[in-house]
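Working notes, beginning with the structure itself.
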Amino acid sequence: MTQSAVSAGSGAAPEAPPLLEVRDLKTWFKTEDGLYRAVDGVSFAVRRGRTLAVVGESGCGKSVTSLSIMRLVPEPPGIRAGGQILLDGEDLLEKSQVEMQDIRGQRVSMIFQEPMTSLNPVYRVGEQIVEGLVKHRGMSAAEARAKAIEMLGLVRIPSPESRVDSFPHEMSGGMRQRVMIAMALACDPALLIADEPTTALDVTIQAQILGLMREIQARLGTAIILITHDLGVVAEMADDVVVMYAGKVVERAGVRALFDDPQHPYTLGLIDSIPRLEEKRDRLSTIEGSVPHPQRLPEGCRFSPRCPLATDRCRNEEPPLRQLRDGHEVACWYAPIDEAAA
Amino acid sequence: MAQHVLYRLLLAVPVLFGVLLLGFLLLQLVPGDPATVIAGPMAPPAVIEEIRRELGLDKPVIVQFFLYLVRVLQGDLGHSLISNTSVIEELAAAVGPTVELMVACLVWSVPLGIAMGTVAAVRQGGLLDRVIMAFSVAGVSMPIFFIGLLLMQYFGFVWQLLPFIGRGGPLWSIDGLRHIVLPAVSLGLIFIGPVARMTRTAVLEVLRADHVRTARAKGLREKTVVLKHALRNALIPVVTLVGLQAGYLLGGAVVTESIYSWPGVGRLAVGAILSSDFPLAQGAIMVLALAFIIINLIVDVLYAVLDPRVQRS
Amino acid sequence: AQSITVVREVDSDRYDPHRSTARAASEVLFMVADTLVSLDYDMQTVKPGLAERWEVSDDGKTYTFHLKDGVKFCDGKKMTAADVVYSLKRWIDPATKSPVAWRAGEVEDIVAVDDRTVEYRLKAPFSELLYQLTQSFAVVIDQATVEKLGGDFGVKGFNGTGPYCWVEWRPRNDLKLARNPDYNWGPPIYENTGPAQVEEIVWKIVPEENTRMAAVATGQSEITQYVPYSTLNTLRANPQLLVSQSDAAFWTYFAGFKIDREMVSEEAVRQAMVLAVDQDAIAENLYFGEVEPAHSYISQAALDWDKDLDDKLIRTDVEKAGKLLDEAGWKMESDGFRYKNGKKLSPVAYSFAGSTWQKLMEAMQGDLRKVGVDLDIQAFDATIAWGKMATQEFDVFGMSYPYISAGDALNLYFRSANTPTPNRMNWKDPETDELLDRGKAALDPETRAQAYGKVLEKVHQAAVWIPLYHEPMKLVQTKKLAPVKPHNIYGCGLYKGLDIKFQ
Amino acid sequence: MNATIEDVPQRRSAFRRLFRDGAALLALAVLAVIVAAALLAPWLAPHDPFATTRQPLLPPVWNEAGQWAFPFGTDGQGRDILSRLLYGSRLTLLMGLLSVAIGGGIGMVVGMLSAFYRRIDPFIMRVVDVLLSFPAILLGLAVAAIFGTGVTAIIIALAIATIPDVARVTRSAAVVVMGQDFMEAGRAIGLSDATLIRRYLALNCISSVFVFLTLRFGQVILIGAALSFLGLGAKPPSAELGMMAAQGRDFLFFAPHVATIPSLTIFLIVLCANMVGDALRDVLDPRLRR
Amino acid sequence: MTETTGPLLRVEGLVKHFPVKKGMILQRTAGVVRAVDGVSFELRRGETLALVGESGCGKSTTGRLVLRLIEATEGRVELAGEDVRALDTGALRRLRRKMQIIFQDPFASLNPRLTVGEILAEPLRLHRIVEPAELTERVHELLRVVGLAPYHAQRYPHEFSGGQRQRIGVARALSTQPDLIVCDEPVSALDVSIQAQVVNLLQDLQAQFGLSYIFIAHDLAVVKHISDRVAVMYLGRIVELACKDQLYADPRHPYTQALMAAIPRPEPGAAGTRQVLEGDVPSPLSPPSGCTFHPRCAFAKDRCRSEVPSYRRMADGRFVACHFAEDIPKAEAAVDPEGADEPRYRRRLAVLQAARPQEPQPA
Ligand SMILES: Nc1ncnc2c1ncn2[C@@H]1O[C@H](COP(=O)(O)OP(=O)(O)OP(=O)(O)O)[C@@H](O)[C@H]1O
Ligand SMILES: Nc1ncnc2c1ncn2[C@@H]1O[C@H](COP(=O)(O)OP(=O)(O)OP(=O)(O)O)[C@@H](O)[C@H]1O
Ligand SMILES: [Mg+2]
Ligand SMILES: [Mg+2]
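So the protein lines, in turn, are chains U, D, S, F and P. For the first sequence, this note's numbering begins at 661 and goes up steadily by one. For the second sequence, this note's numbering begins at 18 and goes up steadily by one. For the third sequence, this note's numbering begins at 2 and goes up steadily by one. For the fourth sequence, this note's numbering begins at 6 and goes up steadily by one. For the fifth sequence, this note's numbering begins at 4 and goes up steadily by one.
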């Protein structure tokens, strides 16, 4: 498996070491019903100022991956089963929870899917933004409040001076997600993890939020890990993409390479199964079957039961993530697929 | 918020009316006849008849209820059939001790219960959790009179550490304090269990909530997360449940007061019902129901203080 | 701060001597007020009270009482013969509706001859009068206070000439009395006839007997007569406590039959039931031998008990009981109970709720089971019970009562005129009435004893009661107090409380 | 095609998971033993529970003065405590069971109707509030005053006191169910209200109500015992645990076993019921699952 | 009757106001949510009409009103010429056979206490669709139709994955052999790969049974794929209703334009150029005056603020509710249906499809 730093997908200079590198991360859950290998060998890297998208179907381990980086997986039932998470070379998996408290919110921030429930309903939004500033920046209450107002302005909340004293329930979903972003960015983190930040929002609001994130990234140079299952969002936002399936990375590429030249049968199926506005088709192509239940993971390649190309080798041996070309890796024994057959 | 409280107050009116009605009806159906009770065992029928007329007992039930309501609204709850004292006066004398007992019980049991529940939730599955939960399940399973009698036997009788009969005086006097310890502890012991359990459940639930994850993601200290972000939110359901448990507490108070001869409303009510002292029983039931309503009103106010979401609606 | 606390089981409904018949009322009334004459510890000798001496006319109809000088009410007002007259007349005034007015005899008039002389005139001789005048119903009260307080008399306040004065009553909680410092007219049965020796007495209501016992044991109460028998031995073993006893046991517990009810109308059935109940076992098991098992309807030590009856009393004999029932046609069925004409021998018994009667009834129930009688117990709380027991709907009732003499007891329970209460047996017998009249009017003790003896024999023969036990007076006190000698008047062990003092 | 459709593995059934909770299992076993002993009382009891002997207040066997003939000693009237305990548990369990069943049944119907017909909901909930304002013990006293003392009175009182609580619990469970699409689906199919309530609403509420009733069962027994303690209680000669405890109270300080043994039995029954209820809730209420 | 010629469903001026009540006893009406505020459309047999719009705009409410799962405040609903709102309980229940619903949430739409077999048998039994003896056979057939196996009948819903549950929901809707199925966001909760399966299934069933769909969705791409005509809703009203080609090629209502612009396209580099609609959706409790869209509309004029635009038919046959529908410039982001290039990976995909075992056609 590639241990070296992943190089750029779209021709950027490879010299800068990545901000965050995840190597062979394994996070399992031990529950009454058995062992769930929710994340089982995930590797990727995030570069400064760039956006990495993680896509995959529900339950494939996207959120667990991001929570693992934040070290917010509850233990028990979670188990750190292996791997490394290197933030500027420091392994986060080795840190104690107390040490992590200084990293969270300061160097790595996170925003979540549900803007409705991710803010504490009993405190004013200003207060919730201020907390991090006081903790990490040691600001006085007045300074922190000024900064909070500034941040609210940054995320385009109208009249931030008064909104800073609103309660979350007095705001719409879009506004709350803006507050979440303001809160996450308040301490100027190098990395922002956004776990499906727009899934719960309406399309028009989603467009607003995505635009805002792009704009802020351009301004602050924050690296972003964007978790989503919407390929449209990926295409729009990402520089690099990681495709996950059943706890594993199946393909890793620059965004153009991925959409133009998907290599893994799963990625291929995924990209082709979404209807597009631009084309007219009688039937959508499908991937038959459904995601394996994490307790019934198949032997060998986890996609093999659904893969039309699967052979005995696929069913018995797990394919490693191989570099096909610069910045494009795929975990399939048969990649690149021999197109001559068609 | 004032509006919210006012609204809850208004809401209490029909409840109170229902309580009055129920109390009245219940005692209407009682087989003992107030007139016979007043007249005494040897009175001739004529005398009893006369007393009936005096009391309005010969009128139709509806009229009696109406008359009763009118009197109640005028603050006249009648006279005790047994001791002939004014019911209002007897109740007034008994309310203080009951409030004292309640306060003395709540003041230690609720914070302790909340603390225990929080600790158990934070240490979920651990030894401490198990010990606390075992304690609280034992607490809710223990007959209150058993706790009372045990405490009385050991602290009062065997070790002679504390008095266990009646009230010693106002709470600020040494004697008053000494006397209230055992009743307050007995009553509190049965209340800690439910509070701890409710708190644990609520805290566990909140700890799973998204906003707690947000707080952690901010890098806040675990203590801050638990105390500021989890507990405060968990208190909202706990407070509501404490309000719902008020009936349980009042019931416990009745037994506790009886065991320790505590001169409160509960004991008064039991005595009055047992001796068919209708006006007094009605009054005492009303006061207890009123206490329930007031506790729930306080709960509502607390709720509004704790949860900004209710303030506007 | 020489204050003592006396714990007791129940409170009275009020403390009006003419309207309260409960022992709980008398206990306090004896302390806050005085009677013309007092009763000695032997329960037989009448001694001076407010009256330093008295004369009885030859026809037994006029009693002249000479009052002590210098007697004052608690409020400082001087007591005169007018006060005595007022009090006694209020007692018998129909407007007072006193349930115990009959105890005053058939009064023609009561007059104050002068400030210190009262003449009590009867229509017919009443041999018991002096005994009745020792009771708490005959205490002297202050007219002004009665009129001022109206319905609140004996509730909010009281004014008497007793060794203690009324301070405050909190119904069902406690009643506080303070010593009357000017008191010096105590009855001669006490060594101390002057002011009481403790400053304050608090009568505290503690309904739970176990708690009362614990209260004396832990010094929260200095003295009480209301401790459970079961604990007396433990208390006797306690070096800090003293248990004393009055030998006169003039408080009797019995179960009465309503003799005109179908189930118990046959004398044989009643006799069988009396035979079945094992009073000795009850006294031993339930009361730890602390009470005197009763086979007679009044204490055999009471005035005018007929000694001839001693050998004729029905004693426990289960076999004989069974035989009697067999003969009467009540056949034992397979379920262990007796039936006649398809009807089960299952008399309904009304009793007071509360542990004493509950245990007693259960014990009787157990004994009666052995001969195939299924006693159906229905217990009622005190206030309801009185009403219930005035009805005709039960076969058996449980009751207990204090008395001074045979006449006292018999006149109360066996007069035809006293149906339905207190003659709940419906014992209507002209001969009994005539004998009772004779006894009541007798001018010499022999005639009286003879008349009452006849009645006693009659009712014992008819088996109208199941006598259960005679309750002796037992006081438990801390040794910090000088030994208090128990009295037994109306079951009030402390009587006037003049001998209560700290060592 | 079907071969490729992965089925979700079957979750361990509630009972299987319940059986993995050792403490709950133990509690269930103890409860079963007590119930069996109560049912078999006539065959198990060494003595007539009502027969008095001449040996009152005999201590239990673990005390020096104890006798094997009376393993738990005798009460104030010399009756065998063990036998009375067996018979007493019978009555106590019956009392708890009946009142919970009656009150629970009515409460459940009321709660479901309230959730199903939102129009009558505010009215029903007000009535429930009023009922809730009567602490169970007071209700018990009042009902006992009407019907006379005895087990029936207690059962009625406890059943009435159970109604509002169950109605509330049912209602809140039912409101959640009502909000789910399958209710609408049932209506769309054309099912009648009665069928919807029976097959859709009731089936989905019953587990949470059942858990609540298990917990309530313990409470009901406690309140019943407290009522006995306050002077109501079963009619003699029948034995009931609460009444036995109350009678034993007279000897508490020097023959504590008379009060403590029935009290501890109550405690044991309630404790086991609560533990089973807790475990059931953990199993059936996924939110609290670890 | 005009059953065969007329539209299957005709909806006219449908209005639903939810009173917002305050107070527990006196229940004052504090205001009304105008969830649906005058909606009219027709649906032909075998046609799919999509309802799109943002959350809370009244799509589901419209669907439910059509099925009379909730009572309308005003308006007329005709199914095959029958006035649905006038039916009594019994007649309504009989009519329910003809119209069914599929829900969004596959987890909440099946009664967890009934087995799949029972769920499917219930409507069959209720409407006496088959003889009792044939019940099991019919249930199995339904399962096969939606791509499940007969042995699944004994299982409970929680033993299925989301996609499978959605198929069960479809089977239940099919069981009564309805004419109309309201699909309330049937694929929104599903993963992309599963979504395609269900969309295909729905299309196959439509072809097979001649069903009519009201297809509620907010994913315009899916809508474009499945529907014949599309109705765009905003705050309880239809703002534009047109044939799908017309609508996607040249949306006339500014809101439709904005909605289309907001959809992220799975085309790297496509973003950045589009204009984003500002502001939030107003509360339906107090909708803006005039045209409810005017506060967010880039083309709003004074008239829009005061005058409610009528819902009118334009020259090209579409319906629109905008005063200036004819004058609005054509949106940049509008879709050219034939504009897409053949993706580079087509050949690779063909390999994949060739390798796949032949899909069974529904029987
Ligand atoms: N606390 C936990 N205990 C047990 N299993 C867990 C836990 N958290 C997550 N899992 C399991 O880990 C797997 C991956 O979950 P994860 O939340 O990462 O999926 P996801 O890709 O984020 O899906 P979605 O798109 O639905 O958010 C799931 O199968 C889930 O059941
Ligand atoms: N039972 C109800 N009582 C009160 N308001 C309701 C009710 N049902 C729906 N509403 C309101 O009516 C409006 C339209 O709701 P509806 O569910 O039809 O929207 P929708 O378009 O289906 O939204 P979504 O995309 O979120 O499903 C919303 O504002 C909603 O809050
Ligand atoms: Mg996720
Ligand atoms: Mg909807």
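Every residue, glycine too, gets a C-beta built ideally from N, C-alpha and C.
Min CB distance residue i to chain F below 9 Å
i, result
"P:T179", "yes"
C-beta neighbour in chain D for residue i, strict 9 Å
i, result
"S:R237", "no"
"S:R9", "no"
Reference residue i, options the options, closest by Cα
i, options, result
"S:D115", "S:L68, S:V147, S:G152 and S:K124", "S:L68"
"S:C166", "S:A218, S:R262, S:D311 and S:D183", "S:D183"
"D:L137", "D:I131, D:D146 and D:L129", "First, the residue type needs correcting, since residue 137 of chain D is Ala and not Leu in the sequence shown. Measuring from the Cα of D:A137, the nearest candidate turns out to be D:D146."
"P:P109", "P:E85, P:P160, P:E134 and P:L46", "P:P160"
"D:F152", "D:M169, D:V212 and D:L319", "D:V212"
"D:V154", "F:A46, F:L232 and F:F272", "F:F272"
"F:L235", "D:I197, D:P200, D:D294 and D:R284", "D:R284"
"U:A741", "U:P954, U:A676 and U:F689", "U:F689"
"S:P208", "S:E293, S:S13 and S:V477", "S:S13"
"S:E320", "S:L150, S:V85 and S:V275", "S:V275"
Cβ of residue i within 9 Å of any chain P Cβ
i, result
"F:D53", "no"
Residue(s) in a DSSP beta bridge with residue i
i, result
"D:F309", "According to DSSP, which records beta bridges pairwise, D:F309 is partnered with nothing at all."
"S:I111", "S:Y121"
"U:D700", "U:K686"
Alpha carbon of residue i to alpha carbon of residue j, nearest angstrom
i, j, result
"S:S347", "F:P61", "27 Å"
"U:V863", "P:K62", "15 Å"
"F:F256", "S:S231", "7 Å"
"P:L29", "F:A106", "Here the model assigns P:L29 a pLDDT of 47, short of 50, so the residue's position is not dependable, and the following value carries that caveat. One C-alpha to the other measures close to 34 Å."
"P:D222", "F:Y122", "35 Å"
"D:V87", "S:D248", "57 Å"
"S:Y42", "S:V156", "30 Å"
"S:S88", "S:M80", "11 Å"
heavy atom of ligand 6 below 8 Å from residue i C-beta
i, result
"P:F21", "Within the structure as shown, ligand 6 is missing, the only ligands being ligand 1, ligand 2, ligand 3 and ligand 4."
C-beta neighbour in chain S for residue i, strict 9 Å
i, result
"D:I276", "yes"
"F:F187", "no"
Practice task
Anything in the segment 202-227 of chain F with a Cβ closer than 8 Å to a Cβ of chain P? List those residues in chain order, please.
Solution key: For the segment 202-227 of chain F, which is checked against every Cβ of chain P, the residues closer than 8 Å are R204, Y205, L208 and N209.
Handout entry: Members of the segment 776-794 of chain U near chain D, C-beta cut-off 7 Å
Key = If the cut-off is 7 Å between Cβ atoms, the segment 776-794 of chain U has T777, S778, L779, N780, P781, V782, E791 and G792 near chain D.
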